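Residue numbers for the sequence shown follow full-length UniProt numbering, so the first one is 1 and each next one is one higher.
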Amino acid sequence: MFSVQPIAFVHNERKEIKDDEWGEVKSYITLTEMYTEESIQGIEDFSHIEVVFYFHKVTDEQIQYFARYPRNNYDYPKVGIFAQRGKNRPNRIGATIVKVIQREGKSIIVEGLDAIDGTPVLDIKPIMKEFMPKEEIVQPKWATDIMKQYWKGNGVK
1 MFSVQPIAFV HNERKEIKDD EWGEVKSYIT LTEMYTEESI QGIEDFSHIE
51 VVFYFHKVTD EQIQYFARYP RNNYDYPKVG IFAQRGKNRP NRIGATIVKV
101 IQREGKSIIV EGLDAIDGTP VLDIKPIMKE FMPKEEIVQP KWATDIMKQY
151 WKGNGVK
């Protein structure tokens, strides 16, 4: 067995879990006392970072281990929990690539982080194009459908 500790916490206006409209959400990722500003020195030289976080509001009863209908929509095919990006995952781990706005002291200000206020951050990694897929990304139609409103702004366009 192993354990991990948060390296930072998310601070933003989102207090409740919501399925859509994350595109314009601005968040502060603020390091814990264990880390200094040096831990994120140079992060502002990258346009994007990957934020790995813990879905701390998901209860044991909400965890899903098997196949389900994405967003409980029976028009979509039943697919396994690991073929989706839902929050009710066995290890409660989320990961999102976000735009870096700026660094302020022990905080990184980002846009498009789909984590609510108070979310523990487990890791931060800079996005380097060499780690991105070289081939075209392929996904099923249902995935494209459910994501149509996900990254829209708060005033959905």
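Just so it is clear, CB atoms sit at the ideal spot from N, CA and C, and this is done for glycine as well.
Just so you know, these numbers come straight off a predicted model, no measurement behind them.
Three-state secondary structure assigned by DSSP to residue i
{"i": "Val156", "result": "Unreliable placement is indicated for Val156, whose pLDDT of 40 sits below 50; the coordinate value is still reported in the next sentence. Three-state DSSP puts Val156 in coil, outside helix and strand."}
{"i": "Ala83", "result": "helix"}
{"i": "Pro6", "result": "coil"}
{"i": "Glu136", "result": "coil"}
{"i": "Gln41", "result": "coil"}
{"i": "Arg92", "result": "coil"}
{"i": "Arg71", "result": "helix"}
{"i": "Glu104", "result": "strand"}
{"i": "Val98", "result": "strand"}
Residue i and residue j closer than 7 Å at C-beta
{"i": "Tyr28", "j": "His11", "result": "yes"}
{"i": "residue 163", "j": "Ile127", "result": "Absent from the structure is residue 163, since the part of the chain shown begins at 1 and ends at 157."}
{"i": "Glu61", "j": "Arg103", "result": "no"}
Same chain only: Cβ atoms within 7 Å of residue i, ignoring 5 sequence neighbours per side
{"i": "Pro120", "result": "Pro6, Phe9, Phe53, Tyr54, His56"}
{"i": "residue 159", "result": "Residue 159 falls outside the range modelled here, since the chain spans only 1 to 157, and no answer is possible."}
{"i": "Val79", "result": "Ala67, Pro70"}
{"i": "Glu37", "result": "Gly105, Lys106"}
{"i": "Thr30", "result": "Ala8, Phe9, His11, Lys106, Ser107"}
Span of the alpha helix (DSSP H), counted from its first residue to its last, around residue i
{"i": "Ile146", "result": "141 to 146"}
Host beta strand (DSSP E) of residue i (start-end)
{"i": "Asp123", "result": "120 to 126"}
{"i": "Tyr54", "result": "48 to 54"}
{"i": "Lys26", "result": "26 to 31"}
{"i": "Val58", "result": "It is not in any beta strand (DSSP E) - Val58 carries neither H nor E in the DSSP assignment."}
{"i": "Ile109", "result": "107 to 111"}
Candidates the options: closest to residue i by CA position
{"i": "Asn91", "options": "Tyr65, Tyr76, Arg71", "result": "Tyr65"}
{"i": "Arg14", "options": "Ala115, Glu136, Phe46, Glu37", "result": "Ala115"}
{"i": "Thr32", "options": "Gly105, Glu16, Met147", "result": "Gly105"}
{"i": "Ile124", "options": "Asp75, Ile146, Tyr35, Glu16", "result": "Tyr35"}
{"i": "Asp75", "options": "Ala95, Ser3, Trp142", "result": "Trp142"}
{"i": "Ala83", "options": "Pro140, Asp145, Ser3", "result": "Pro140"}
{"i": "Arg85", "options": "Phe2, Val4, Thr144", "result": "Thr144"}
Contacts around residue i, its chain only, beta-carbon distance under 6 Å, and the 5 residues preceding and following it disregarded
{"i": "Lys87", "result": "Phe55, Val58"}
Nonlocal neighbours in the same chain, by C-beta distance under 8 Å from residue i, ignoring five residues either side
{"i": "Ile81", "result": "Gln64, Tyr65, Phe66, Ala67, Arg68, Asn88, Arg89, Pro90"}
{"i": "Val100", "result": "Ile43, Glu44, Phe46, Ser47, His48, Ile49, Ile108, Ile109, Val110"}
{"i": "Ala95", "result": "Glu50, Val51, Val52, Phe53"}
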